[in-house]
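Numbering (UniProt numbering), first residue to last: 1 to 179. All C-beta atoms in this analysis are idealised placements derived from N, C-alpha and C, irrespective of residue type, glycine included. Scroll down for the structure; my scribbles are underneath it.
Set out below in structure tokens:
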């Protein structure tokens, strides 16, 4: 073989990118890009996400996320530390849940929004843990009759010191026959 010819083995080796371990900084950049772009209604746009992670392809980012990092998002009970981070993040970013999630670090934007609206929001106070008054049951019945099971709308219009989850649970506890 002369110098102008190359073997197929040489081509394969030159076309193949070298694998390298992901750094903590790359993981942090990937996590932030995912949390910024993630919503339930919009699938990840891996090409767009990979633009934030220099030297990594869309396939690299997708494989890293689903293979390793997605599992790092916590599930289940929130720790007091996570609740405190959530409070601080909401103070800075209000309802920008992807930004809030980036501060919390261990939860998705959807998890942060749900935790805030169902448990932590100080505007709700302790009402969710107090006994339901007959007047509240009547308002819940009125809301369900008019709006069905649109819990967020019902509590916004009729029960501002209760969460949608509390209203849903109350209806489940009493059953629809009561209303």
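Legend entry - Between the CA atoms of residue 18 and residue 168 - distance to the nearest angstrom: Using only the alpha carbons, I get a separation of about 53 Å.
Inset, instruction - Leaving out five residues on either side along the sequence, give the residues of the same chain with a beta carbon under 7 Å from the beta carbon of residue 83. - result: 120
Legend entry - C-alpha gap between residue 142 and residue 172, whole angstroms: 16 Å
Inset, instruction - Tell me where the alpha helix (DSSP H) around residue 58 begins and ends. - result: Note, residue 58: alpha helix (DSSP H), 58-64.
Inset, instruction - Using beta-carbon positions only, say whether residue 106 and residue 74 come within less than 8 Å of one another. - result: yes
Legend entry - Whether residue 53 touches residue 24 by CB criterion (8 Å): Here residue 53 is not near residue 24, since their CB atoms are 8 Å or more apart.
Inset, instruction - Within the UniProt domain "Myb-like" (130-170), note down every full alpha helix (DSSP H) run reaching 4 residues or more, in order along the chain. - result: 134-147 and 151-157
Inset, instruction - Go ahead and pull the three-state DSSP assignment for residue 52. - result: Three-state DSSP puts residue 52 in coil, outside helix and strand.
Legend entry - Simplified DSSP state of residue 98, which is helix, strand or coil: DSSP places residue 98 in helix when its eight states are reduced to three.
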